[in-house]
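Visitor:
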Amino acid sequence: DWQAYYSRTGSVKFPLGPVAGWNTNDHGVNNAEGALAWPAMAYRLHGNRTQGLTSMDLVLRMIDTYQAQPNALLCADEVFCGRAPHRGTETCAVVEAMASLEQGFAALNEPALFDRVERLAFNALPAALTADMWTHVYVQQANSVFAGRT
1069 DWQAYYSRTG SVKFPLGPVA GWNTNDHGVN NAEGALAWPA MAYRLHGNRT QGLTSMDLVL
1129 RMIDTYQAQP NALLCADEVF CGRAPHRGTE TCAVVEAMAS LEQGFAALNE PALFDRVERL
1189 AFNALPAALT ADMWTHVYVQ QANSVFAGRT
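Numbering (the numbering used here), first residue to last: 1069 to 1218.
Structure representation (structure tokens):
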């Protein structure tokens, strides 16, 4: 239940800082492909655009406040790691977040979601993939500007 998780009303709550042990609820990729996609899916099922936008705002606000990296991405080198500058994010979380936000834009017709996809494409992907797309890093750091041989 992403609504209860992000609003912190359920038995499992969105973490307000780094997570110590591995679990599926706080896994970055699960949140990138699940929580970020949930508002658009809910809108498609129920037809309430306002609720979809409100839910997307909740998810992005919580991530930006408690788990964000400067590149518009959540900090999760497996599980959420707070805003720690020495921790990174899995490459799969980058592309899953982009895909979920693209679906959100397509369903909710909210330009700010595609702006965020663009920020990820220009600020997170270059540190995750080589230019020829043959190599990727598992965990990128927020201060990485490219992936490749130095």
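A virtual CB, placed ideally from N, CA and C, is assigned to each residue, including glycine.
Note that the structure is predicted; figures quoted are calculated from it, not measured.
1. What are the boundary residues of the beta strand (DSSP E) that Gln-1137 is part of?
2. For Phe-1190, is the classification buried or exposed, using 16 other Cβ atoms within 10 angstroms of its Cβ as the cut-off for buried?
3. Using the Cβ count rule (16 or more neighbours within 10 Å means buried), how would you classify Glu-1186?
4. Go through its chain and collect everything with a Cβ distance to Thr-1118's Cβ below 7 Å, but skip five positions before and after it.
5. My understanding is that Asn-1093 touches Tyr-1073, with C-beta atoms under 8 Å, so please give their C-beta distance in whole angstroms.
6. Give the straight-line distance between the Cα atoms of Trp-1070 and Trp-1202, rounded to the nearest whole angstrom.
7. What's the gap between the Cα of Ala-1110 and the Cα of His-1204?
8. Could you say which of Gly-1089, Val-1147, Asp-1132, Ala-1103 lies nearest to Gln-1171 if we only look at CA atoms?
9. Following the continuous beta strand (DSSP E) through Val-1185, name the residue where it begins and the one where it ends.
Guide: Once the coordinates are examined:
1. Counting from one through the sequence shown, the residue named residue 1137 turns up at place 69. Per DSSP, Gln-1137 belongs to no beta strand (DSSP E) and is neither H nor E.
2. Within the sequence shown, numbered from 1, the residue matching residue 1190 stands at position 122. Exposed, since its Cβ has fewer than 16 Cβ neighbours within 10 Å.
3. Taking the sequence shown and counting its residues from 1, one reaches residue 1186 at position 118. Per the 10 Å Cβ criterion, exposed.
4. By 1-based counting over the sequence shown, the position of residue 1118 is 50. For Thr-1118, where only same-chain residues beyond five positions count, there are no Cβ hits under 7 Å.
5. Here residue 1093 refers to the residue found at position 25 when the sequence shown is read from its first residue. Here residue 1073 refers to the residue found at position 5 when the sequence shown is read from its first residue. Going by Cβ atoms, the distance from Asn-1093 to Tyr-1073 rounds to 7 Å, so yes, they are a contact pair.
6. Locating residue 1070 in the sequence shown gives position 2, where the first residue counts as 1. Locating residue 1202 in the sequence shown gives position 134, where the first residue counts as 1. Answer to the nearest angstrom: the Cα atoms are 34 Å apart.
7. As a first step, residue 1110 must be located in the sequence shown, where it is residue number 42. As a first step, residue 1204 must be located in the sequence shown, where it is residue number 136. About 33 Å.
8. Residue numbering aside, residue 1171 sits at position 103 when the sequence shown is read from its first letter. Nearest option by C-alpha distance: Ala-1103.
9. Walking along the sequence shown from the start, residue 1185 turns up at place 117. Per DSSP, Val-1185 belongs to no beta strand (DSSP E); it is in the alpha helix (DSSP H), 1179-1191.
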